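Enquirer: This is the structure, below, for whatever I ask next.
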Amino acid sequence: DVKVTQSSRYLVKRTGEKVFLECVQDMDHENMFWYRQDPGLGLRLIYFSYDVKMKEKGDIPEGYSVSREKKERFSLILESASTNQTSMYLCASSLGEYDTGELFFGEGSRLTVL
Amino acid sequence: LAKTTQPISMDSYEGQEVNITCSHNNIATNDYITWYQQFPSQGPRFIIQGYKTKVTNEVASLFIPADRKSSTLSLPRVSLSDTAVYYCLVGDHEVTGGGNKLTFGTGTQLKVEL
Numbered sequence: 001d002v003k004v005t006q007s008s009r010y011l012v013k014r015t016g017e018k019v020f021l022e023c024v025q026d027m028d029h030e031n032m033f034w035y036r037q038d039p040g041l042g043l044r045l046i047y048f049s050y051d052v053k054m055k056e057k058g059d060i061p062e063g064y065s066v067s068r069e070k071k072e073r074f075s076l077i078l079e080s081a082s083t084n085q086t087s088m089y090l091c092a093s094s095l096g097e098y099d100t101g102e103l104f105f106g107e108g109s110r111l112t113v114l
Numbered sequence: 001l002a003k004t005t006q007p008i009s010m011d012s013y014e015g016q017e018v019n020i021t022c023s024h025n026n027i028a029t030n031d032y033i034t035w036y037q038q039f040p041s042q043g044p045r046f047i048i049q050g051y052k053t054k055v056t057n058e059v060a061s062l063f064i065p066a067d068r069k070s071s072t073l074s075l076p077r078v079s080l081s082d083t084a085v086y087y088c089l090v091g092d093h094e095v096t097g098g099g100n101k102l103t104f105g106t107g108t109q110l111k112v113e114l
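So the sequence lines, in the order shown, correspond to chains S and X.
Counting in the numbering used here, the first sequence runs from 1 upward without gaps.
Counting in the numbering used here, the second sequence runs from 1 upward without gaps.
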């Protein structure tokens, strides 16, 4: 089975701190994604990557950056955390070029910014 | 960009069949339709995927009419454990390089009661 692992299930940070959310997948998938999920808003795409060192903005990239130095690892970075970034963050991966949409998700990282 | 529209919520009773319809008027020729299920504090998980007509697996059926502008997820004989949020996802192939920008709608909260 595909396993997508997010480094932290729960984090509490202060406003202005730099935050790293790490995600690792073990199935050699090409594509990786970061979503945030908020009540009433569903899942919203922040960034995604279809190859090492490649990244594309999703629907809500403002305030975030990403890094993909290795194929299996995709990091979400909050350069200066703000309270409106308190949310559940979900990482996902999918196969690659002939991808038909099946995403494999991690368990999520719940971030609270005070 | 193919957007999806689903009912916000649905209620059902154990043993009934539940049909959740998703509208995707702007679906593109190469897009697939995928449904996911999400329980609280977990990432979504794949249920079923289709391109046209009908697809059935051990969990659900997916009905797609000829014009592909909508799809219906059918859950036979639901139980309490089917209480979850269900998302309809349409694959978006706008991104170059083989990657897909996959976006979710707000989902349908299904509540199953005794």
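The beta-carbon is built from N, C-alpha and C at its ideal position, and this holds for glycine as well.
All of these numbers come straight from a predicted model, not from anything done at the bench.
Are at least three pairs of beta-carbons, each pair with one atom in the stretch 39 to 52 of chain X and one in the stretch 21 to 29 of chain X, less than 8 Å apart?
Expert: Segments in contact, no.
Enquirer: Looking only at DSSP bridge pairs, what is S/Ala92 linked to?
Expert: Beta-bridge pairing links S/Ala92 to S/Phe33 and S/Phe105.
Enquirer: Name the residues in the stretch 18 to 44 of chain X whose C-beta lies less than 9 Å from a C-beta of chain S; which are they?
Expert: For the stretch 18 to 44 of chain X, which is checked against every Cβ of chain S, the residues closer than 9 Å are Asp31, Tyr32, Ile33, Thr34, Tyr36, Gln38, Ser41, Gln42, Gly43 and Pro44.
Enquirer: Taking CB distances under 8 Å as the criterion, tell me whether X/Gly15 reaches chain S.
Expert: Chain S contact via Cβ: absent.
Enquirer: Roughly how many whole angstroms lie between the Cα atoms of X/Leu80 and S/Glu69?
Expert: So the alpha carbons of these two residues sit roughly 43 Å apart.
Enquirer: Let me check understanding here. Comparing Cα to Cα, which of X/Ser74, X/Asp82, X/Glu113 and X/Leu110 lies closest to X/Thr34?
Expert: Among X/Ser74, X/Asp82, X/Glu113 and X/Leu110, the Cα nearest to that of X/Thr34 is on X/Ser74.
Enquirer: Using a C-beta cutoff of 8 Å, does S/Glu22 count as contacting chain X?
Expert: So, not an interface residue.
Enquirer: Looking at C-alpha atoms only, which residue of X/Val59, X/Glu58 and X/Lys54 is the closest neighbour of X/Pro65?
Expert: Checking every option, the nearest Cα to that of X/Pro65 belongs to X/Lys54.
Enquirer: X/Asp11: buried (16+ other C-beta within 10 angstroms of its C-beta) or exposed?
Expert: Burial call: exposed.
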